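To convert, take the position in the sequence shown, counting from 1, and add 3; that gives the working numbering.
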Amino acid sequence: MVSSGKESRIYWGKSFNNENLAVKIYLTTSSEFRKGMIKYLAGDPRFKEIPKSTRKLISMWARKEFKNLKLMYNVGVKVPKPISQHENVLIMEFIGDDGMRAPLLKEVELGLNEYEDIFYKVINDVRKIYKYAGLVHGDLSEYNIMVFKGSPYIIDVSQSVKVAHPNSYDLLLRDISNIVNFFRGLGLKTLDIHEVVEYVINGEYEDVGEF
Ligand SMILES: Nc1ncnc2c1ncn2[C@@H]1O[C@H](COP(=O)(O)OP(=O)(O)OP(=O)(O)O)[C@@H](O)[C@H]1O
Ligand SMILES: [Mg+2]
Numbered sequence: 004m005v006s007s008g009k010e011s012r013i014y015w016g017k018s019f020n021n022e023n024l025a026v027k028i029y030l031t032t033s034s035e036f037r038k039g040m041i042k043y044l045a046g047d048p049r050f051k052e053i054p055k056s057t058r059k060l061i062s063m064w065a066r067k068e069f070k071n072l073k074l075m076y077n078v079g080v081k082v083p084k085p086i087s088q089h090e091n092v093l094i095m096e097f098i099g100d101d102g103m104r105a106p107l108l109k110e111v112e113l114g115l116n117e118y119e120d121i122f123y124k125v126i127n128d129v130r131k132i133y134k135y136a137g138l139v140h141g142d143l144s145e146y147n148i149m150v151f152k153g154s155p156y157i158i159d160v161s162q163s164v165k166v167a168h169p170n171s172y173d174l175l176l177r178d179i180s181n182i183v184n185f186f187r188g189l190g191l192k193t194l195d196i197h198e199v200v201e202y203v204i205n206g207e208y209e210d211v212g213e214f
């Protein structure tokens with residue numbers, strides 16, 4: 004097992020082609036978690052009817068993460084490649100080598116130059132997620148970004164919402180604040196939170212270098 008949280012477990016597996024896979028299994032959840040999930044599902048036109056059965060609700064949650072991953076992956080964001088989903092099980096690309104997961108951004112120790120590079124890559128991915136996938140991550144922080152081969156991979160997208168969701172702006176602001184504050188804490192001079200928000204929503208440039 005790679006990770007065991009309150010609401011899900013992640014296992015390492017292999018495909019028939021010998022590729023490393025991550026298998027995320029959503030577990031039956033507490034009423035607290037149920038309430039939290041409903042908040043993110045309400046207002047999302049893709050998930051209009053919220054099932055009463057917990058089992059169905061969890062399947063819907065897994066399907067939501069699978070769809071969000073696909074939307075992000077298809078616009079070139081570095082997320083684990085989504086492979087399949089059935090009921091409460093989601094299969095995706097494994098980020099790491101042979102059963103050894105890559106470290107979280109929270110866990111790596113890098114030089115300032117490398118952190119700076121990762122900061123801009125993350126901001127550009129947040130922008131692609133917003134502009135081209137039409138989503139806001141909703142729980143972005145150093146705990147939901149893995150660092151593999153020098154690149155950040157955004158994970159844990161089950162709670163991501165459509166830009167049209169009533170809370171999307173607040174969630175975007177919180178996501179960006181988390182990221183800016185984390186990198187500032189490492190001693191990096193970054194743009195202001197509001198400059199980043201502006202860039203994500205209205206930025207015209209394609210490359211980090213022209214930022
Ligand atoms: N595709 C992946 N490849 C390798 N490891 C992964 C992958 N996805 C997730 N993990 C590992 O499993 C952990 C939990 O995954 P995730 O954040 O998606 O689940 P979660 O339900 O939010 O759990 P937690 O409450 O621990 O954050 C991650 O912190 C990461 O270490
Ligand atoms: Mg997580």
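Idealized CB from N, CA, C, for every residue including glycine. Bear in mind that the values here come from a model prediction, so they are computed numbers and not experimental data.
CB-CB length for residue i against residue j, believed under 8 angstroms
{"i": "Y156", "j": "I98", "result": "5 angstroms"}
{"i": "D47", "j": "V80", "result": "Incorrect: roughly 19 angstroms between the Cβ atoms, too far for contact."}
{"i": "L73", "j": "P83", "result": "Reading the sequence as shown, one finds Lys at residue 73 and not Leu. Wrong, their Cβ atoms sit about 11 angstroms apart, outside the cutoff."}
{"i": "S11", "j": "I28", "result": "6 angstroms"}
Bridge partners - residue i, DSSP secondary structure assignment
{"i": "E96", "result": "L24"}
{"i": "Y3", "result": "In this structure the chain extends from 4 to 214, so residue 3 is not present and cannot be described."}
{"i": "K165", "result": "L138"}
{"i": "M103", "result": "D100"}
{"i": "S56", "result": "DSSP, once it has assigned bridges, lists no residue as partnering S56."}
{"i": "S6", "result": "I13"}
The beta strand (DSSP E) enclosing residue i, as first and last residue numbers
{"i": "M149", "result": "I148 to F151"}
{"i": "Y156", "result": "S154 to I157"}
{"i": "I86", "result": "P85 to H89"}
Residues near residue i in its chain [Cβ-Cβ closer than 7 angstroms; skip 5 each side]
{"i": "E119", "result": "L191"}
{"i": "V199", "result": "I126, I179 and V183"}
{"i": "K235", "result": "Residue 235 cannot be examined here, being either before or after the span of the chain that is shown, 4 to 214."}
{"i": "G206", "result": "R130"}
Enclosing alpha helix (DSSP H) for residue i [first to last residue]
{"i": "N19", "result": "Per the sequence presented here, residue 19 reads as Phe, with Asn not at that position. Careful: F19 lies outside any alpha helix (DSSP H) and carries neither H nor E."}
{"i": "E201", "result": "I196 to N205"}
{"i": "F36", "result": "S34 to L44"}
{"i": "R187", "result": "S171 to G188"}
Same chain only: Cβ atoms within 6 angstroms of residue i, ignoring 5 sequence neighbours per side
{"i": "F214", "result": "For F214, the predicted model reports a pLDDT of 36, less than 50, meaning its position is unreliable and no value from the coordinates is stated."}
{"i": "L44", "result": "F50 and I53"}
{"i": "E90", "result": "S62"}
{"i": "Y135", "result": "V78"}
{"i": "S154", "result": "K81"}
{"i": "S144", "result": "N181"}
{"i": "I132", "result": "M75, V80 and L138"}
**Prompt:** Who sits around ligand 1, taking every residue whose Cβ is closer than 7 angstroms to one of its heavy atoms?
**Reply:** V5, S6, G8, K9, E10, S11, I13, A25, K27, P83, M95, E96, F97, I98, G99, R104, A105, L107, Y146, N147, M149, I158 and D159
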